[in-house]
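*Asks:* Got a structure for you, written out below as structure tokens; questions coming shortly.
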Amino acid sequence: MNLSQIQSKEIMPGYHGKLVHGDTISWAFWRVEKDAEVPEHSHHHEQIMHVVEGDFKFTLDGNTAVYRSGDVVVIPSNSPHSGKALTACKLMDVFSPVREEYK
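Residues in the sequence shown are numbered from 1 upward in steps of one, following UniProt numbering.
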């Protein structure tokens, strides 16, 4: 498999993802449009977010920070979080268990 051959899906407005699924994890490669927002939510999946490019404002459990290229955030299961792309961004997320709704 090559990432260039995976069809991108717009999961929510401004969030275009290429998704790879294993037996117990999902790996998402996001291209995020400037000003695109993901509203506060939580899920039972553990998540690790990596900012590849851009400036991404992210709130986790009520604490807000701006994350930039190279930053990594560990998001525990069931923790409320939200975000907004301050610039066009490239992000990677890993989820465990698999995000079935992203298949």
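From the three backbone atoms N, C-alpha and C, an ideal C-beta is built for every residue, glycine too.
Could you check whether the stretch 69-79 touches the stretch 45-59, counting it as contact only if at least three pairs of C-beta atoms, one from each stretch, sit closer than 8 Å?
*Replies:* Touching, yes.
*Asks:* Start and end of the beta strand (DSSP E) containing ASN63?
*Replies:* Where ASN63 is concerned, the enclosing beta strand (DSSP E) stretches over 63-67.
*Asks:* On a CA-only basis, which of ARG99, LYS103, SER96, GLY62 is nearest GLY83? Give me that one, please.
*Replies:* Checked all of ARG99, LYS103, SER96, GLY62; the closest Cα to GLY83 is GLY62.
*Asks:* Assuming MET1 is part of the beta strand (DSSP E), what are its boundary residues?
*Replies:* From DSSP, MET1 is part of no beta strand (DSSP E); its letter is neither H nor E.
*Asks:* Have a look at LEU3 and THR64 and give me their C-alpha separation to the nearest angstrom.
*Replies:* For LEU3 and THR64, the distance between alpha carbons rounds to 31 Å.
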